[in-house]
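Q: The numbers in the working numbering rise by one with no breaks, and the one at position 54 of the sequence shown is 58.
Where a beta carbon is used, it is the ideal one built from N, C-alpha and C, also for glycine.
Predicted model, so just to flag it, every value in this text is computed and none were measured.
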Amino acid sequence: MEPEGVVTTTTNINPTNTNKNKFIVAGLFIAILVLIGAVFLFGKEQTGPRSASGPTPSIVLPTIDQALEAARTQVEINLTSNGFVPKVVTVKKGTRVIWFNKTSVDGTVSSDPHPTHQLYPPLNLGTFPPDFSVQLIFNDPGTYGYHNHFKPEQTGTIIVQ
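#1: For residue 79 and residue 117, what's the separation of their Cα atoms in angstroms?
#2: Select from 114, 40, 103 the residue whose C-alpha is nearest the C-alpha of residue 84.
#3: Helix, strand or coil for residue 41? Go by DSSP, reduced to three states.
#4: What does the alpha-carbon distance come out to for the pair residue 134 and residue 32?
#5: Residue 163 by DSSP, collapsed to three states: which one?
#6: Comparing C-alpha positions only, which one of 105, 148, 110 sits nearest to residue 124?
#7: Opposite residue 83 in the DSSP bridges: which residues?
#8: Taking residue 161 as the reference, give the member of 154, 115, 86, 131 with the closest Cα.
#9: Can you find the residues in the same chain that come closer than 7 Å, C-beta to C-beta, to residue 140, ignoring five residues on each side of it along the sequence?
#10: Spatial neighbours of residue 159 within its chain, please: CB distance less than 6 Å, with the 5 preceding and 5 following residues excluded, ordered by chain position.
#11: The beta strand (DSSP E) that contains residue 136, what's its start and end?
#12: What is the rounded straight-line gap between the Cα of residue 30 and the Cα of residue 63?
#13: Mind checking whether residue 113 and residue 142 have CB atoms under 8 Å apart?
#14: Closest to residue 98 by CA distance: which of 145, 155, 107 is it?
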């Protein structure tokens, strides 16, 4: 008899299930070996003349320059408890800027000047909660100041060339 408040559990381990599992694992291993062998034998490229049945499909991978250019067309800024990081960003026109709220409270991205936000209205992105983001694509060259409306001392600048 168990002392009061003690719960015991039992698990029934069936030895025949263990043998079945061994056969299943062995069968899967053999199937994988057969599949690898088939790929090796039949996956080799044939040499000789190609048929005129159609063009060979190809995959076009981006060049390193294209990948770097794509990375340059997006910039990330974090809203932290200390303000925007980085505080000043210079980008090319057409760049997407994404602000991430890394604080524990709601924040905003609002155009200067505080409190009217009239310098560049598209930059008035509204309130966004912690762990969310807002974004804007900058297509016009210029210098754009912004701030967190809830803490106007938290400021930043986007310079678009």
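A: Judging by the given coordinates:
#1: What you label residue 79 is simply residue 75 of the sequence shown in a count that begins at 1. What you label residue 117 is simply residue 113 of the sequence shown in a count that begins at 1. Within the model, the alpha-carbon separation for residue 79 versus residue 117 is close to 23 Å.
#2: Residue mapping note: residue 84 aligns to position 80 of the sequence shown, counting from 1. Comparing alpha carbon positions, the residue from 114, 40, 103 closest to residue 84 is 103.
#3: On the sequence shown, residue 41 is found 37 positions in, with the first residue counted as 1. Residue 41: helix per DSSP, three-state reduction.
#4: Residue mapping note: residue 134 aligns to position 130 of the sequence shown, counting from 1. Residue mapping note: residue 32 aligns to position 28 of the sequence shown, counting from 1. Their backbone Cα atoms lie some 47 Å apart in a straight line.
#5: Working through the sequence shown from its first residue, we reach residue 163 at position 159. Under the three-state reduction of DSSP output, residue 163 falls in the strand class.
#6: Counting from 1 along the sequence shown, the entry for residue 124 is found at position 120. Checking every option, the nearest Cα to that of residue 124 belongs to 148.
#7: For the purposes of this step, residue 83 is taken as the residue at position 79 of the sequence shown. In DSSP, residue 83 forms a bridge with 88, 105.
#8: Counting from 1 along the sequence shown, the entry for residue 161 is found at position 157. The closest CA to that of residue 161, considering only 154, 115, 86, 131, is found on 115.
#9: Taking the first residue of the sequence shown as 1, we reach residue 140 at position 136. Listed in chain order, the non-local C-beta contacts of residue 140 below 7 Å within the same chain comprise 101, 126, 127, 129, local neighbours out to five positions each way being set aside.
#10: Taking the first residue of the sequence shown as 1, we reach residue 159 at position 155. Residues of the same chain with a CB within less than 6 Å of the CB of residue 159, apart from the 5 flanking positions on each side, are 151 in chain order.
#11: Against the sequence shown, residue 136 aligns to sequence position 132. Per DSSP, residue 136 lies in no beta strand (DSSP E) and is assigned neither H nor E.
#12: As a working mapping, residue 30 is identified with position 26 in the sequence shown. As a working mapping, residue 63 is identified with position 59 in the sequence shown. Residue 30 and residue 63 have their C-alpha atoms spaced approximately 37 Å apart.
#13: As a first step, residue 113 is located in the sequence shown; it is residue number 109 there, counting from the start. As a first step, residue 142 is located in the sequence shown; it is residue number 138 there, counting from the start. Not a contact, by the Cβ cut-off of 8 Å.
#14: For the purposes of this step, residue 98 is identified with residue 94 of the sequence shown, where counting begins at 1. Ranking 145, 155, 107 by CA distance to the CA of residue 98 puts 145 first.
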